[in-house]
Amino acid sequence: MVKTMAAVITCQPPEAADNPSRNGLTGVTTSYGPRGEATAFGSTAADYFGTGNTDRLSRGSTTFTNGPLGTIQRTSGSTTHTYTRSPGGEAVGMRAGSSFYYVADHLGSVVGLFSATGTWIGGYSYSPYGEARFTSTSSVITNNALRYIGEHHDGAGIYKLGARYYDTAQGRFTQMDPSGQEANPYAYASCNPINSSDSSGLVACQGAINRTIASTVLVGVSLIALVASGAAAAPLVAGAIGATLTAYGIARTAYYAGDAVNQC
7 MVKTMAAVIT
17 CQPPEAADNP
27 SRNGLTGVTT
37 SYGPRGEATA
47 FGSTAADYFG
57 TGNTDRLSRG
67 STTFTNGPLG
77 TIQRTSGSTT
87 HTYTRSPGGE
97 AVGMRAGSSF
107 YYVADHLGSV
117 VGLFSATGTW
127 IGGYSYSPYG
137 EARFTSTSSV
147 ITNNALRYIG
157 EHHDGAGIYK
167 LGARYYDTAQ
177 GRFTQMDPSG
187 QEANPYAYAS
197 CNPINSSDSS
207 GLVACQGAIN
217 RTIASTVLVG
227 VSLIALVASG
237 AAAAPLVAGA
247 IGATLTAYGI
257 ARTAYYAGDA
267 VNQC
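If you're matching positions, the sequence shown starts at 7 in my numbering and goes up one per residue.
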């Protein structure tokens, strides 16, 4: 339920005025470090690179390797899953021995997986706030970690969203907004999870911003290629194709920018 009064948003408010130390649904106690990072979930320790929760290195016996080009490796025992993202941050696919490719909704939530040969493996459905309504029983589906809004599912409905952790059952973050600028420091996606998402744990419209930036970069690349083709006296057809792609990219960037403005 969302109530708005005097520009103050109240959306599933927390029970405490600071980072709560206990998940009210599971009874798991969370410990925090001096910089607000979640250092332990019950007996499961977590470690990070730098300050805050953003760049996680380990959770229990599971380790994470974060690549610069959108790749993430998650290793547990002898099994390694590699996850790949597009330049805009959208989840593209997973590899664990074999390659699998994601089907996502408008928010980037993974709703299904295909094999490299085009075979449907299975999928997921979610409530607006990310609770699992259905999960296929295939081991590929249950072992895949990128799910709601394309982010990492830690289990028991808890997601790692950039700078914070998010509890889908309660529909709110488990930690305060580090910026201190939100009317409700625990609210997720400005209480509008159908139209907005917050993969960074900092900005409710982060997904739209990422898509705008990525599309802008691609337009720049297209323009450079178009100029180069003109300088090289490229055939008319090639130049026309380049111009069409550039125009499409500009239109797409404008759409994403408008989406970001509406969400922000």
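Cβ coordinates follow ideal geometry from the N, Cα and C atoms, glycine included.
Approximately 25 angstroms separates the beta-carbon atoms of GLY56 and GLU96; this is outside 8 angstroms, ruling out the contact. Going by DSSP, VAL34 is part of no beta strand (DSSP E) at all; its letter is neither H nor E. Note that the C-beta distance between SER104 and VAL98 is not below 8 angstroms. For SER82, the enclosing beta strand (DSSP E) stretches over residues 77-82. In the assembly as shown, PRO191 is a buried residue. Its beta-carbon has 16 or more other beta-carbons within 10 Å. THR69: member of the beta strand (DSSP E) spanning 68-72, first to last residue.
Taking a 10 Å sphere around the C-beta of LEU152, we find 16 or more other C-beta atoms and assign the residue as buried. Using a 10 angstroms sphere on the CB of PRO40, the tally of other CB atoms stays under 16, which defines it as exposed. The continuous alpha helix (DSSP H) containing VAL146 extends over residues 145-149. Around the beta-carbon of LEU113, 16 or more other beta-carbon atoms lie within 10 Å, marking it buried. Assignment of TYR135 by DSSP, reduced to helix, strand and coil, places it in the coil class.
In this structure, SER121 and TYR154 do not form a Cβ contact; the two beta carbons are roughly 22 angstroms apart against a cut-off of 8 angstroms. Looking at the DSSP output, ILE164 sits in a beta bridge with GLY161, ASP173. A direct Cα-Cα distance of roughly 18 angstroms separates SER202 from ALA175. Nearest neighbour of ASN198 by Cα position, chosen from SER84, PRO134, THR50, turns out to be PRO134. The closest CA to that of ARG65, considering only SER196, GLY76, ASP53, is found on ASP53. By the 16-neighbour rule on beta-carbons within 10 angstroms, ASN59 is buried. Our two residues, TYR108 and THR45, have alpha carbons roughly 31 angstroms apart in a direct line. Excluding residues up to 5 positions away in sequence, VAL109, GLY129 lie with their Cβ nearer than 6 angstroms to the Cβ of GLY118 in the same chain.
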